[in-house]
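What follows is a short report on a single structure.
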Amino acid sequence: MPRHPRIEMPGGFYHVLNRGNNKQALFRNAGDYVFFLNLLETASKKWPFKVHAYCLMPNHYHLFMETTEGHLSRPLHLVNRAYAAYFARKYEFTGHVFQGRFKSLMVEKEGYLLTLSRYIHLNPIKAKLAQKLEDYSYSSYACFMGLRSKPNWLDIETTLSYFGSTSILQQEQYKLFVLSEMFELQNEPFYQAADDVLEGKSKALMRLKKVLHLKTAPSTATENKVLIN
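All residue numbers for the sequence shown refer to our numbering, where the first residue is 1448 and numbers rise by one.
Structure follows, in structure tokens:
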């Protein structure tokens, strides 16, 4: 089946995800996580973009990206190729490091910005990798809470602006917003559908598209659209 071209445009919002081939670990130690994040820094200097939330899990990653100049594939190809070469060299690994090309879900900002941010940050709790989100070192949540300095490519201000006028209020309200979903993860269709995308299950992308439509914020005046590649 031919690959459909990705739709890329300035100001586009995308949920980007990829996983290790055959569910193998992508990140085996702290140095691997740091190397991947440094690659994002390098790529952002060549093709400017913003990341509104990220989470690096042992065998997959999530990025919520905004293409400020319309480039999505170029920076991500650089990151994935360079990381695969690094991984193969460091661990004397042969074969495919990633399960395939990255998945990207293009969404409209209004209606999905907060939902995706929360979903991405809750991944360590769902996977039982941390008891407190702020204790997980490889997501952007600690930056949102003011506990860690943020890289230049990470935009936390846009999301936090929905939660108040002062930084303290924004952090408190955002934390409540994220944790309000903690005990409902297993019954949330959005999370189940996103997991199926990573698993490569048949028709999972179309199911996630339908679920995302159900998550439209009531205050959104126009119809939200999702494009999946």
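Using N, Cα and C, we set each Cβ at its ideal position, and we do this for glycine too.
Rounded C-alpha distance that separates residue i from residue j
{"i": "E1488", "j": "F1482", "result": "10 Å"}
{"i": "K1492", "j": "I1567", "result": "24 Å"}
{"i": "Y1461", "j": "R1536", "result": "30 Å"}
{"i": "V1644", "j": "T1613", "result": "Any answer about V1644 is weak, because its pLDDT of 48 lies below 50 and its placement is not dependable; what the coordinates show is given next. Looking at the two C-alpha atoms, the distance is approximately 37 Å."}
{"i": "V1625", "j": "M1553", "result": "22 Å"}
{"i": "G1647", "j": "G1593", "result": "Unreliable placement is indicated for G1647, whose pLDDT of 46 sits below 50; the coordinate value is still reported in the next sentence. Cα to Cα, the separation comes out at about 35 Å."}
{"i": "A1531", "j": "F1549", "result": "13 Å"}
{"i": "K1497", "j": "F1534", "result": "25 Å"}
{"i": "E1557", "j": "E1539", "result": "44 Å"}
{"i": "R1595", "j": "I1603", "result": "12 Å"}
{"i": "L1569", "j": "A1477", "result": "20 Å"}
{"i": "L1576", "j": "L1623", "result": "20 Å"}
{"i": "Y1588", "j": "G1542", "result": "33 Å"}
{"i": "R1475", "j": "M1512", "result": "24 Å"}
{"i": "L1484", "j": "P1495", "result": "15 Å"}
{"i": "N1634", "j": "Q1578", "result": "Bear in mind that the predicted position of N1634 carries a pLDDT of just 43, short of 50, making it unreliable; the figure below should be weighed with that in mind. Distance between the alpha carbons of N1634 and Q1578: 20 Å."}
{"i": "A1529", "j": "T1606", "result": "30 Å"}
{"i": "A1574", "j": "D1582", "result": "14 Å"}
{"i": "L1519", "j": "V1463", "result": "9 Å"}
{"i": "H1524", "j": "A1490", "result": "9 Å"}
{"i": "S1608", "j": "Q1471", "result": "37 Å"}
Rounded Cβ spacing between residue i and residue j (contact assumed at less than 8 Å)
{"i": "E1628", "j": "R1565", "result": "6 Å"}
{"i": "F1545", "j": "G1467", "result": "7 Å"}
Per-residue DSSP class, three states only, for residue i
{"i": "F1624", "result": "helix"}
{"i": "H1507", "result": "strand"}
{"i": "E1604", "result": "helix"}
{"i": "T1489", "result": "helix"}
{"i": "M1456", "result": "coil"}
{"i": "A1535", "result": "helix"}
{"i": "N1476", "result": "coil"}
{"i": "G1467", "result": "strand"}
{"i": "V1579", "result": "The residue asked about is misnamed: residue 1579 is Lys in this sequence, not Val. Correct three-state label for K1579: coil."}
{"i": "N1552", "result": "The displayed chain sequence assigns Leu, not Asn, to residue 1552. L1552 falls in the strand class under three-state DSSP."}
{"i": "T1514", "result": "strand"}
Residue i vs residue j beta-carbon contact at 8 Å
{"i": "H1507", "j": "N1465", "result": "yes"}
{"i": "L1561", "j": "V1526", "result": "no"}
{"i": "A1500", "j": "L1563", "result": "yes"}
{"i": "T1515", "j": "P1457", "result": "yes"}
{"i": "L1473", "j": "P1505", "result": "yes"}
{"i": "P1571", "j": "S1586", "result": "yes"}
{"i": "F1610", "j": "L1601", "result": "no"}
{"i": "G1547", "j": "E1455", "result": "no"}
{"i": "R1480", "j": "L1510", "result": "The question names Arg, but residue 1480 in the sequence shown is Tyr. Not a contact, by the Cβ cut-off of 8 Å."}
{"i": "F1591", "j": "Y1559", "result": "no"}
C-beta neighbour in chain C for residue i, strict 8 Å
{"i": "H1524", "result": "Of the protein chains in this structure there is only one, and it is not chain C."}
Residue i CB to nearest heavy atom of the ligand COA below 7 Å
{"i": "F1460", "result": "You won't find the ligand COA in this model; it holds no ligand whatsoever."}
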